[in-house]
Amino acid sequence: MSVPPAGGRPAPRAVSLTPYPDGPVVLRGPFRLVDSAGDEVATRRRVVALCRCGRSRLGALCDGTHRSTGFRAPGGRPRHVGEVVRVPLPAEES
Ligand code: FES
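Just so we're aligned: 28 in my numbering is position 28 of the sequence shown, and the numbers increase by one with no gaps anywhere.
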C-alpha cells in the first residue's frame, strides 16, 4: 500500500483518484485502465477524468456533460489506489 509523503501530496509515481466537486473523479499516475472484462482501455494519458454522473457519451470518461445536467457531488482528497483501475463496459453503465 502506498503511503503519501508528509504534506499530503502523492508520490510522483503513485496512482490516485480525486473526486472533483460536482464533477468527475480524476485519475492520475502510471495507471492501467481496464474494463470489467479485463480488457485494457487504451489511453496514452497519465491523467484522465472518469465520469461519475452517468451521462457521458464517452462511456467511462467524462465529456463535460455533468455541467449541463446539474450533477451534484462532493469533492474530496486524493485517494491512493492500485495501478490497475477497472471501469464499467459501456453496456454496464446506467
Ligand atoms: S462526470 Fe463529467 S460527464 Fe459525467
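We treat Cβ as the ideally placed atom computed from N, Cα and C, and that holds for glycine. None of these values were measured; they are calculated from a predicted model.
{"Check": "Determine the direct distance from the alpha carbon of Ala60 to that of Ala42, and round the result to whole angstroms.", "Outcome": "12 Å"}
{"Check": "Going by CA-CA distance only, name the one from Asp63, Gly70, Ala49 that's closest to Ser16.", "Outcome": "Ala49"}
{"Check": "Which residues have their C-beta within less than 7 Å of a heavy atom of the ligand FES, listed in chain order?", "Outcome": "Gly23, Pro24, Ala49, Cys51, Arg52, Cys53, Gly54, Arg55, Ser56, Cys62, Asp63, Gly64, Thr65, His66, Phe71"}
{"Check": "Please report how far the alpha carbon of Phe71 lies from the alpha carbon of Asp63, in whole angstroms.", "Outcome": "13 Å"}
{"Check": "What is the residue span of the alpha helix (DSSP H) that Ser68 lies within?", "Outcome": "66-69"}
{"Check": "So, using beta-carbon positions, are Thr18 and Pro88 closer together than 7 Å?", "Outcome": "no"}
{"Check": "DSSP state of Val15, grouped into three classes?", "Outcome": "strand"}
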